[in-house]
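**Student:**
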Amino acid sequence: MTDRALRSGTPPPAGDAATPVPVLFLAGLGRSGTTLIERTLGEARGIHGLGEVMHLWERGIRRNELCACGVPFLQCPFWTRVGAAAFGGWAEVDVDRMAWLKARVDRARRIPAIASGARSLRAEVQEYVAAYALLYRAAHELTGSILIDSSKQVSLAWCLARSPDIDLRVLHCVRDSRGVAHSWAKSVRRPEAVGAEHQLMARLSSWEVSRSWIVHNAGIEPLGRSVPLLRLRYEDFVTDPVTSSDRALRFAGIDAGVGHIHRTTVMLQTTHSCAGNPMRFRTGAIDLVPDVAWREHQDPAQRRAVTAFTAPLLARYGYLR
């Protein structure tokens, strides 16, 4: 991490930098079940979910929103140790610089330049990814586990794939675009929020969801030429979580079994997810039931519009059979 993003100018000593940190990155569009998938996979031995790390800089460091353990991020013992090991403390991270870098390189329109290693973005991509690499390494050394980052952002996955310090594997999480659009239309409260302006999750129109669904999914597929990539449909996961989880875990390099899943019920413990869907706060026995409310409650005109706009990829992923 360069001296511009790290206030002190000198990173703290790291572990064996010659060994890349193993990270399973969940890629896709929001409201595709990634928090549920992360929680389920994260219960297996040898793998640890971090939540949506892309939001850690703003929601964790700047806003001090709640960790999934129920403690504010900056007071959470787990994240305090990670921050100290990675950066010498969270106060050493220049959050404004990270926000600038995100706006500069972490955008879908930048994917061609990132993929080609364009000189115009090379330094900024390296600086941006270096922060993630330091954080991942600290979390990996603390947990001794493969890490899950459920950030989903396709451009971030492309950035991370450029780092020699990260052993990246991408789990491409797909959900029927009509179900995704119906979910984005809902008003959902954020229990971790600090301040009235961040109490609700964002809402998107059917047009915005359709466009983003295409951009994210089409942008993820070419990553398979650079890093290992496995596609997992939300509908398959909730219908057969045992088989789906075992397949995903083996892809990540874990052969620990899925004893925490009984048929379609999963036992979830408290985690330290830094950001994500509100279900990251749920613990205990969770029944995995397909969310197909859109079939009955979605506005017919909205459904037809989303279907028409996303039809090529819907067919590719087996949703129009």
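If you read the sequence shown in the UniProt record's numbering, its first letter stands for residue 1, the second for the next number, and so on.
We put the beta carbon where it would ideally sit given N, CA and C, even for glycine.
1. Could you compute how far the alpha carbon of I61 sits from the alpha carbon of Q126?
2. Go ahead and label H262 buried or exposed: buried means 16 or more other beta carbons lie within 10 angstroms of its beta carbon, across all protein chains shown.
3. By a C-beta neighbour count over all protein chains shown, 10 Å radius and 16 as the cutoff for buried, is R110 buried or exposed?
4. Can you look up H172 in the DSSP assignment and give me helix, strand or coil?
5. Shortest alpha-carbon distance to L41 belongs to which of C159, H260, A275?
6. CA-CA distance, A113 and H272?
7. Below 8 Å on the Cβ atoms is my guess for W82 versus A138; work out the distance and round it to an integer in Å.
8. Exposed or buried, which one is R4 when buried takes at least 16 other CB atoms within 10 Å?
9. At which residues does the alpha helix (DSSP H) containing G42 begin and terminate?
10. With a 10 Å radius around its C-beta and 16 neighbouring C-beta atoms as the bar for buried, classify L320 as buried or exposed.
11. Could you pull the start and end residues of the beta strand (DSSP E) that F25 belongs to?
12. Leaving out five residues before and five after A44 in sequence, what residues of the same chain have Cβ atoms less than 8 Å from its Cβ?
13. Of the residues H172, A275, F87, F251, which one's Cα is nearest the Cα of A218?
14. Counting only runs of 3+ residues fully inside the stretch 61 to 92, write out the beta strand (DSSP E) ranges in chain order.
15. Locate the alpha helix (DSSP H) running through M267, then write down its first and last residues.
16. Would you please state the rounded distance, in angstroms, between the beta carbons of C67 and W79? I believe it to be under 8 Å.
17. Candidates T264, R225, R295: which alpha carbon is nearest L36's?
18. Residue range of the alpha helix (DSSP H) that R295 falls in?
**Tutor:** Working from what's here:
1. 21 Å
2. exposed
3. buried
4. strand
5. H260
6. 34 Å
7. Here residue 82 is Val; the residue named in the question, Trp, does not match the sequence. Sure, about 5 Å apart at Cβ, within 8 Å.
8. With a pLDDT of only 44 at R4, under 50, the local geometry of the prediction cannot be trusted, and no value is derived from it.
9. 34 to 42
10. exposed
11. 21 to 27
12. S245, L249, I254, A256, G257, V258, H260
13. H172
14. Unbroken beta strand (DSSP E) runs of no fewer than 3 residues, entirely contained in the stretch 61 to 92, are not found.
15. Note, M267: premise wrong, no alpha helix (DSSP H); beta strand (DSSP E) at 265 to 268.
16. 6 Å
17. Closest by alpha carbon: T264.
18. 294 to 297
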